[in-house]
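No gaps in the numbering here: position 531 of the sequence shown is 541 in our numbering, and each next residue is one more.
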Amino acid sequence: MCDQTEKYHVIKYLFEPRHVAIIGASANKKKIGFKIVENIRLGGFKGKVYPINPKEKELMGFKAYKSIGDITDEKEIDMALICVPEPIVLDAVKTCVSKKVKYILVITSGFSEIGKNKEEKEIVEFAQDHGMRILGPNIFGAFINKSDLNASFASSIIPKGHVALISQSGALGAALIGETGEENIGLSSMIPLGNKADVDESDLLEYLMDDESTKVILIYMEGVKNGERLISVLKKTTQKKPVIVIKSGRSKKGALAAASHTGSLSGSDEVFQAIMNQCNVHRPEDIAMALQWAKYLAESPVPKGENSIIITNGGGVGVMAADACEKYGVQLFDNYQTLYDVFSPFVPEFGSIKNPIDITGQVGIEGYEKCIQASVNHPDIHSIICLGCEHALFNEEALKTTIERIHKKYGKIKPILYVFYGGKAIKNAIKHLKSLGIPIYGDLYQAISCLGELYKDYRHKIMLESTTKELDTENIEINYDGIEKILHEVKEDNRKFLLADEARRMMDYAGIPMPKSIIATNMASAVEFAKEIGWPVAMKIVSKDILHKSDAGGVVLNLENETEIMDAWQAIMLSCRKYDPLAKIKGIEICEMIKIETETIVGGRRDPNFGPTLMFGSGGIYVEILKDVAFRALSFSRHEIMGMLKETRLYPLLLGVRGETKKDINAIVDIIIRVAMILRKFDQVTDIEINPLVAYEEGRGVKAVDARILIK
Ligand code: ACO
11 MCDQTEKYHV IKYLFEPRHV AIIGASANKK KIGFKIVENI RLGGFKGKVY
61 PINPKEKELM GFKAYKSIGD ITDEKEIDMA LICVPEPIVL DAVKTCVSKK
111 VKYILVITSG FSEIGKNKEE KEIVEFAQDH GMRILGPNIF GAFINKSDLN
161 ASFASSIIPK GHVALISQSG ALGAALIGET GEENIGLSSM IPLGNKADVD
211 ESDLLEYLMD DESTKVILIY MEGVKNGERL ISVLKKTTQK KPVIVIKSGR
261 SKKGALAAAS HTGSLSGSDE VFQAIMNQCN VHRPEDIAMA LQWAKYLAES
311 PVPKGENSII ITNGGGVGVM AADACEKYGV QLFDNYQTLY DVFSPFVPEF
361 GSIKNPIDIT GQVGIEGYEK CIQASVNHPD IHSIICLGCE HALFNEEALK
411 TTIERIHKKY GKIKPILYVF YGGKAIKNAI KHLKSLGIPI YGDLYQAISC
461 LGELYKDYRH KIMLESTTKE LDTENIEINY DGIEKILHEV KEDNRKFLLA
511 DEARRMMDYA GIPMPKSIIA TNMASAVEFA KEIGWPVAMK IVSKDILHKS
561 DAGGVVLNLE NETEIMDAWQ AIMLSCRKYD PLAKIKGIEI CEMIKIETET
611 IVGGRRDPNF GPTLMFGSGG IYVEILKDVA FRALSFSRHE IMGMLKETRL
661 YPLLLGVRGE TKKDINAIVD IIIRVAMILR KFDQVTDIEI NPLVAYEEGR
711 GVKAVDARIL IK
């Protein structure tokens, strides 16, 4: 059995195999086994190539073998590709043991994607037991530029560059190779995952994050298997280079069956999107946008500040560009004096030197050059958007040569993008300049979205440098033993939820304040307890058989005196008996009625894909209508949790609006960290929901009015 940690350290051999074998290589030009050997040969792989075929002695100039076991030289075959039919794949995998193959790329289809899960599992288990790993099955092979290896039956001509593509869909992966070619985007590698039976995105990212030949990683994902590991690897990777993720399947189906508000609000894509934000992953809306981002992020210099300039020859497009900047978070430089000093020598009087800089239609293409030069030379200008509309003073040749010259001179110093609108001449010029790798676009929203993503990375880096690395749980104490005891009692009682008094005790042990409350087992003690707590009080039924207390008529609020307590006692008992005559009633809880101020909701939940997740938002009875919630993967960082708070519409209210005081945001963050600590410590807790968590003004803390806890 191979050591599990060792598995991850050999990922290098998938990207840098010393020698490769192809089991199922064929001389028949129509077969996949032929195409793969041909592509390897054409790609110029420097290692040895071993075609395996029962009949052939030689294939495309390579000596062929009947079985991989027949190879007598001592070369390390780190990679074997299997392209024989499904029924003989396992046997083929078994033959790889004798050569200690590290990665087996199973090209063959017909496994879990058509329900043959058992066969797939058997292959993976056999491989792992013998220190080998499986990529696929159901893939078209792999392309790795630095190894000159095109071990695939995709195109033989793959543009080389700095973008690594990882695709769960084989067909889309192959199509993306074509698309990247069209867009002049060079690839450092292209690895499909197919059925993802063993090797997954996280394994590949472990390598790619430190791979110097890769500047941007573009992933197409259908589903997430080991989300917790993915989060940790993504966080590490995005500190080093941009990761763009396209994910299909934005379905909300999974949420319907959920048992809590947190569950029903956490539609799969909401959680996915939130976690990708948390990991600083770029999420384009479509493939076209993904490719543009990948290209721009791979090639553009990093900005040194946030001040962007728009240079345009038309007021209208300038305004549209300003709108796009707002949409994509690009900040326009507005220091009038600097703008005047820099641009007034080049802008006619009837133009504008307010950003957007309108050089007007009178100035030809050479006017752009002067403005760009001045912008590049000024330290307070950090990025440049150059816009143009076709007119008589523009000609195709001048546009091509000027932009090429400008970009050669300045394109590596500061981020510059070009957007031109017009007819055939403009389109031709764009096509030509694109082919030279210049960031020129026919649509300003597309262009400015690229700059927006560049700034997203820029801000993330600044944030990482400025935030402390220490954990924010150090000063937080939780009585884990007490909680453990409650959970044990609930398990003994064969229940999947905590009763109100158990939830209260748990909150108490977790240091989460709740209103005062005592359970009364008869009417007389109810009156006594109410006096002890202080008027007004609320009364709530306590029964393990009644989960939805209000529906059963088990809750009465705002009781002001003894008579009201006695009446409410009778009413609750009567109504609950009617609701469920067999319900075992433990008593009625007498609770302090607290002053409701800002109602929030805090949730913690085990997501089937990402493990423990946190939720925060607008609380109270309308949570599902308001749908004002944000999510994070489990985090103990105040900074990350604050990010979640800031995503909600509630946040400005917490800061205090219209003369209201600021709410106790620190106390809210503290509660969320405590919820995270419980989820981390107790695997059996699946849902914690505090709703409402009432937030008082700064310094006066919070109160959890109700807590619902579910266990496995
Ligand atoms: N060892 C070595 N070679 C063997 C062995 C063996 N034990 N057994 C048979 N072979 C040889 C065969 O003799 C044949 O060579 P030949 O042409 O000289 O006779 C070769 O291996 C291939 O075997 P075939 O039986 O001819 O299989 P074929 O090539 O028709 O199909 C394949 C095999 C391609 C793996 C097929 O089963 C399959 O799965 N196709 C789909 C692949 C796919 O689409 N993958 C997903 C890609 S992602 C996307 O959609 C782009």
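Every residue, glycine too, gets a C-beta built ideally from N, C-alpha and C.
Threonine 610: member of the beta strand (DSSP E) spanning 608-617, first to last residue. If you draw a straight line from the Cα of threonine 573 to the Cα of tryptophan 579, it comes to about 10 Å. Taken in chain order, the complete alpha helix (DSSP H) segments of 4 or more residues contained in the stretch 551-626 are 572-589. Closer than 7 Å to some heavy atom of the ligand ACO: that does not describe the Cβ of serine 258.
Taking 7 Å as the cut-off, the C-beta of alanine 102 counts as close to a heavy atom of the ligand ACO. In this structure, the ligand ACO has no non-hydrogen atom nearer than 7 Å to the beta-carbon of cysteine 396. Between the alpha carbons of isoleucine 700 and histidine 470 lies a gap of roughly 31 Å. Around the beta-carbon of serine 166, fewer than 16 other beta-carbon atoms lie within 10 Å, marking it exposed. Here the alpha carbon of asparagine 676 sits roughly 15 Å from the alpha carbon of serine 645.
Apart from the 5 residues on each side of it in sequence, lysine 112 sits with its Cβ closer than 8 Å to the Cβ of Val20, Tyr23, Leu24, Pro27, Asp88, Met89, Gly141, Met142 and Arg143 in its chain, given in chain order. Between alanine 152 and leucine 115, the beta carbon gap of about 6 Å places them in contact (Cβ cut-off 8 Å). Excluding its 5 nearest sequence neighbours in each direction, aspartate 210 has C-beta neighbours in its own chain below 7 Å: Leu203, Lys235 and Asn236, listed in chain order. If you check the C-beta of proline 252 against the ligand ACO, you find no heavy atom less than 7 Å away. Serine 527 and glutamate 499 have their C-alpha atoms some 21 Å from each other. Contact holds between the stretch 612-630 and the stretch 689-705, because three or more Cβ pairs, one in each stretch, are under 8 Å apart. If you compare the alpha carbons of Pro311, Val312, Gly377 and Asp390 with that of tyrosine 346, the shortest gap goes to Asp390. Rounded to the nearest angstrom, the gap between the Cα atoms of alanine 164 and alanine 184 is 6 Å.
With a threshold of 16 other beta carbon atoms within 10 Å, glutamine 302 meets it and is buried. Sixteen is the threshold: when 16 or more other Cβ atoms of the shown chains lie within 10 Å of the Cβ of tyrosine 661, as they do, the residue is buried. With respect to the C-alpha of lysine 257, the residue from Asp453, Ser177, Val679 and Cys601 having the closest C-alpha is Ser177.
Excluding residues up to 5 positions away in sequence, nothing lies with its Cβ nearer than 6 Å to the Cβ of alanine 298 in the same chain. Bridge pairing for glutamate 707: Lys673 [DSSP].
The beta carbon of tyrosine 519 lies closer than 6 Å to those of Asn489, Gly492 and Ile493 in the same chain, with the five residues before and after it left out. Taking a cut-off of 8 Å on C-beta distances, the stretch 545-552 touches the stretch 586-597, as three or more cross pairs fall below it.
With fewer than 16 other Cβ atoms from the protein chains shown falling within 10 Å of its own Cβ, threonine 82 counts as exposed.
One Cα belongs to threonine 608, the other to leucine 624, and the distance between them is close to 20 Å. CA-CA distance, isoleucine 62 to lysine 418, rounds to 49 Å. In this structure, DSSP gives glutamate 309 a helical state, which the three-state scheme calls helix. The C-alpha of alanine 536 lies about 20 Å from the C-alpha of alanine 513. Sequence-distant partners of valine 340 (beyond 5 residues in either direction) whose C-beta falls short of 7 Å from its own C-beta, in its chain, are Ser318, Ile458, Leu461, Gly462 and Tyr465.
The residue from Thr247, Ser122, Ser393 and Val291 with its alpha-carbon nearest to that of serine 310 is Ser393.
Only exposed fits methionine 473, as fewer than 16 other CB atoms lie within 10 angstroms of its CB. Listed in chain order, the beta strand (DSSP E) runs fully inside the stretch 61-117 are 87-92 and 113-116, counting runs of at least 3 residues. With a cutoff of 7 Å, proline 523 does not count as near the ligand ACO, since its C-beta is closer than that to no heavy atom of the ligand. Isoleucine 416 sits buried, since 16 or more C-beta atoms from the chains shown fall within 10 Å of its C-beta.
Contact check between the stretch 357-374 and the stretch 325-332: three or more CB pairs, one atom from each, fall below 8 Å, which counts as touching.
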